[in-house]
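Inspection log for the structure reproduced underneath, given as structure tokens.
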Amino acid sequence: MKKIIRLRTNASASDALNGLHPVLAHIYAARGVQSSNDLIRNLQGLHAPQLKGMEAALDLLEVALKEKQRILVVGDFDADGATSTVLAVLVLRAMGAVIDYLVPNRFTYGYGLTPEIVELAHATKTPYLIVTVDNGISSLEGVAAANALGMKVLVTDHHLPGAVLPEAAAILNPNQPGCVFPSKNLAGVGVVFYLLSCFRTRMKEQGWFTTMNIPEPAMADYLDLVALGTVADVVPLDANNRVLVHQGLNRIRAGRCRPGITALLDIASKQPAQLVATDLGFQVAPRLNAAGRLDDMSQGIECLLTGSVDLARQYASELDGLNIERRQIEGSMQKEAMHVLQTFSLDKEALPFGLTLFHRDWHQGVVGILAGRLKERFHRPVIAFASSAPGSDELKGSARSIPGVHIRDVLDTVAARNPGLITRFGGHAMAAGLTLPVARLEAFRAAFNKAVGDVVNPEDLEPVLYSDGELPADCFTEPFADVLREAGPWGQGFPEPMFHGDFHCLEQKVLKEKHIKMSVAHPASNRIFDAIAFNVDRAQWPNSSKKVRLVYRLDINEFRGSRSLQLRVEYMEPL
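In structure tokens:
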């Protein structure tokens, strides 16, 4: 699909950016950086913990800790949920708490603190306090069930709340009404980090660690988990999240991280010393998420929990195998989806505003990835559904959206206009999950398409790539590529610098049947560079083009100890 290339809006850079390389100053200004304060990456740059509900949450933890009451962490089955669970268990255990965890199997219990998972927790773990991590804000029935059984609930979450909040003993969520915490973009693991940091401070002030003769946890030592969960959940990397991710990356690069993270990096052939945020998102997180998608997230949690290098390697190998299986399943599902959508591929005007797809054989744990792939291809909000169980009359869907369409708000509109159509839903601006009866699918498809059509602007449906401009010829150097690499962390909401330009194409070569490696010459300098484009449309590439327009990122290719400049192509078209 042909894409529109637009220049990023470049607000005037303040004097605070004048000391930087002019290209870097331009890049920062286009991302809203106004002063040097926006570029602080040490821990002093973190917002103060002004989270609504903090004192009540600390009171609950203090009682459980001092009275040796059992705490049960109930997590989510993705990487954010896994890192949140591990962080809570490790820190509270180090403080002397009696603590265990339980992650609902998505195929048996579904998402969040459901009444069924509460019943299981009561029957097998008998906790005094349930702490939800990365979930719970929409678990009205589950919290009510826990209350009825005499268990207290502390909800820690970051998802957008509904009109009614659960009747938990305490709620910690930067997006709940009345919370003045400046950053609404914390991942679930970020919320847990703030909670435990405040709890460590409270117990230190009470002399707990001295009295119990136990070491005081150093919260900075757990930032590897925070960085992984934050990047994996694709939350916007605002200034606060960039501090958390940068500090976590520094610890991983220095080899000061959990053995499980090291093992996952090793199996992905990534060197910790050269790690960047995107490596966590594209190499580590998918392997961790594979456990929750296909099997049981406990495998991923145990990989991160263990202090044994050998055991971490074993878990990492198992997770890698699951990820390979996940990719195979995903590939099959994509083929089936494209068969259904092939008419729309030829007639763009016939595309609905929002795409809704279902196949009875699709895997429930992979529909989110499928929705994301189709969203990228068709540039429409997409919901992919699977049966909640073989023969079930309930569907579970995963939604992915485009800029300009807040997908959770769209689902809220659908639910308000059509009472009873959706059984339950929740999520973010760009991603959401929902369930509904299979008999209501066609009614939902029409209602969803209308709700999207009511809010979407025509220009939002055009695939756009934002460029930071044409890179000056003297910036095509390894040192400048290193400058850009270290200027992050880059990610959602703070995108990695991307440039565009026209090049002479000297050679095109197919790699692994789906990638194109090119040799291109810069027209101004005639210098020749390697360029690589992944997962290209093989119907169009390779071709006989002698000139190409590239949208690319400046990259360093490291191979057998040597380094060379490389253009990592995000989009290309023949000229």
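Residue numbers 1 to 575, in this note's numbering, belong to the letters of the sequence shown in order.
The C-beta atom is built at its ideal place from N, Cα and C for all residues, glycine as well.
So what's ASN105 in DSSP terms, helix, strand or just coil?
-> coil
Assign MET219 to one of two classes, buried (16 or more other C-beta atoms within 10 Å of its C-beta) or exposed (fewer than that).
-> Buried.
Where SER36 falls: helix, strand or coil (DSSP) | If DSSP states are grouped into helix, strand and coil, SER36 belongs with the helices.
If we count the other Cβ atoms within 10 Å of its Cβ and call it buried at 16 or more, is ALA524 buried or exposed?
-> exposed
Please report how far the alpha carbon of ILE422 lies from the alpha carbon of ALA415, in whole angstroms.
-> 6 Å
Count the other CB atoms, across all protein chains shown, that sit within 10 Å of the CB of ILE130; report buried if there are 16 or more and exposed otherwise.
-> buried
Alpha carbon to alpha carbon, how far is GLY32 from GLY331? Give it in angstroms, no decimals.
-> Spanning the two alpha carbons is a distance of roughly 38 Å.
Three-state class that DSSP yields for VAL520 in the structure shown | Note: VAL520 maps to strand in three-state DSSP.
Thinking just about the alpha-carbon of each residue, which of ARG440, ARG41, GLN314 and LEU441 is nearest to the one in ASP238?
-> Nearest of ARG440, ARG41, GLN314 and LEU441 to ASP238, Cα basis: ARG41.
Return yes when the Cβ of LEU140 is within less than 8 Å of the Cβ of PRO156, no when it is not.
-> The question names Pro, but residue 156 in the sequence shown is Thr. Result no, Cβ atoms of THR156 and LEU140 do not sit closer than 8 Å.
Does the beta-carbon distance from HIS359 to GLU336 come in below 8 Å?
-> yes
Pull up the distance between the alpha-carbon of LEU346 and that of VAL340, whole angstroms please.
-> Summary for LEU346: the model assigns pLDDT 49, below 50, so the residue's position carries little reliability, and this model does not support an answer.
Compute the Euclidean distance between the alpha carbons of LEU265 and ARG380, then round it to the nearest angstrom.
-> 33 Å
Inter-stretch contact (C-beta, 8 Å, three-pair minimum) for the region 482-489 and the region 20-28 | Segments in contact, yes.
Closest by C-alpha distance to VAL231, when choosing among ALA268, PHE282, CYS257 and GLY260 = Ranking ALA268, PHE282, CYS257 and GLY260 by Cα distance to VAL231 puts PHE282 first.
LYS450 versus PHE353 - alpha carbon distance = Their Cα atoms are separated by approximately 8 Å.
Is the beta carbon of LEU322 sitting closer than 8 Å to the one on ILE261?
-> Between LEU322 and ILE261, the CB-CB gap reaches or exceeds 8 Å.
Assigned exposure category for ALA88 - 16 Cβ within 10 Å defines buried | buried
Please confirm if the region 59-71 is in contact with the region 529-537, defined as three or more CB-CB distances below 8 Å between the two stretches.
-> no
Which term fits GLU573, buried or exposed, when burial requires 16 or more other beta carbons within 10 angstroms of its beta carbon?
-> exposed
Whole angstroms is fine: what's the gap from ASP361's alpha carbon to THR108's?
-> 17 Å
Beta strand (DSSP E) segment containing GLY426, residue limits | Here the beta strand (DSSP E) through GLY426 covers 424-427.
Take the Cβ of LEU511 as the centre, count every other Cβ of all protein chains shown within 10 Å, and call the residue buried at 16 or more, exposed below.
-> exposed
Please go through the same chain and pick out, in chain order, the residues whose beta-carbon is closer than 6 Å to the beta-carbon of GLN566, but skip the five residues on each side of it.
-> ASP530, ASP555 and ASN557
Just checking, does the region 44-60 make contact with the region 170-187 on the three C-beta pairs under 8 Å criterion?
-> Output reads yes: the region 170-187 touches the region 44-60.
List the whole-angstrom C-beta distance separating ASP502 from LYS547, where the pair is believed to meet the contact cut-off of C-beta under 8 Å.
-> 6 Å
Continuous alpha helix (DSSP H) stretch holding GLN247: start and end = Annotation for GLN247: the continuous alpha helix (DSSP H) segment containing it runs 239-253.
Can you say whether LYS152 is buried or exposed, counting buried as having 16 or more other CB atoms within 10 angstroms of its CB?
-> The residue is buried, with at least 16 neighbouring Cβ atoms inside 10 Å.
May I ask you to report which of helix, strand or coil DSSP gives GLU116?
-> helix
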